[in-house]
Amino acid sequence: MMKKMKKQFSIVIPVHNEESSLEMTLESLKSFLDSKQYEYEIVCVDDKSADKSPEILDNFDGITVIHHKKNRGYGGALKTGIKSAKYDTIVIMDSDGQHRPEEIPKLLDAYESKESMVIGERKVYQTKVSRVLGKILLHKIANFIFKQEIPDINSGFRVFSKKEAKKFLHLCSERFSFTTSITLAYISNGYDLIYIPINVQKRTTGESQVSMKTGFRTILKILELGMIFKPLRVVLPLSIVFGTLGLGSFCVDLYHINLTNTTVFLLSNSVILFISALLAEQINNIRMEIIHRD
């Protein structure tokens, strides 16, 4: 009878100023994983923490520690950890204790193909009330541009292939919108996204570093990736708005028998945006053909 192979994977954990929860999180994680038949490594990337997090990591046995000489951000820390991981299967999770190690087997069991990503799906009620509106806005914008329902676009608990993810790391943000970036890159390139419901523990120590600025940067990143992969979905609505306003202004000008600069500006910009969107769409189609051919 053939012996079942142990699951092999690397857990990548970005760390920035989490001294209050870090040791407990690592102890809980190692204790759980050691009780299973896994072959694993834990890669912690200290992103130039200003507290005792670097000391805690250096004194913790059984993990690989990488220190950034300057702060690069959440995404930057993940990129470093992913590139340094020795196994192809990557599990990313946060260092603040909100992700439960007991959920890892569920994600690993659902991960069957390298051309897929398994995402731990949180529920809206597990998000702070102050962030719910921002979360809904991000989802609406991303769902519209990429024409796909995305239950949880920025969950930091997921499983994917290092080899496949490295194709898109240059497109991913160095900041908190890394998870949003890689989700949209996978969608745009036809990869499967598998959502597995998870329970998130409430943060009991420390403070989240996510702010309104983070949300604004995430929206900009969604639009940036939209211009790369779905330019028509981003630019065409603007062209329609300019065109509609221009036609309205033209009707007023006809009534007064006077063609104004406003009308010319609105209609010309509508045409320019429309042509630009078509050209961008064709460039994207050519790029995708080259990628799939190679």
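In this note's numbering, the protein residues as written are 970 to 1263. Glycine residues also receive a C-beta, built at the ideal position from the N, C-alpha and C atoms. All figures in this text were calculated on a predicted structure; none of them were measured in a lab.
- Burial state of K1199 is buried, judged by a 10 Å Cβ sphere holding 16 or more other Cβ atoms.
- Here the region 1044-1054 makes contact with the region 1010-1017; the two share three or more CB pairs at distances below 8 Å.
- About 6 Å separates the beta carbon of K1190 from that of T1149, a gap short enough to meet the 8 Å contact definition.
- Shown here for T1229: same chain residues with a beta carbon closer than 6 Å to its own, the five before and five after excluded, namely D1222 in chain order.
- With a cut-off of 8 Å on Cβ pairs, the region 1111-1127 is in contact with the region 1064-1078, counting three or more such pairs.
- The shortest CA-to-CA distance from S1218 to any of P1206, V1233, V1204 and L1207 is the one to V1233.
- Non-local beta-carbon contacts of E1008 in its own chain, meaning distances under 6 Å to residues more than five positions away in sequence, involve K975 and Q977 in chain order.
- Beta-bridge partners assigned by DSSP to D1161: S1085.
- Annotation for D1078: the continuous alpha helix (DSSP H) segment containing it runs I1073 to A1079.
- DSSP, reduced to helix, strand and coil, places T1149 within a helical segment of the structure shown.
- Under the Cβ criterion (8 Å, minimum of three pairs), the region 1036-1046 counts as touching the region 1125-1145.
- Judged by DSSP in its simplified three-state form, R1069 adopts coil rather than helix or strand.
- V1087 places its beta carbon less than 9 Å from that of Y1164.
- Between the beta-carbon of E1090 and that of I1167 there is about 6 Å, and that keeps the pair under the 8 Å contact cut.
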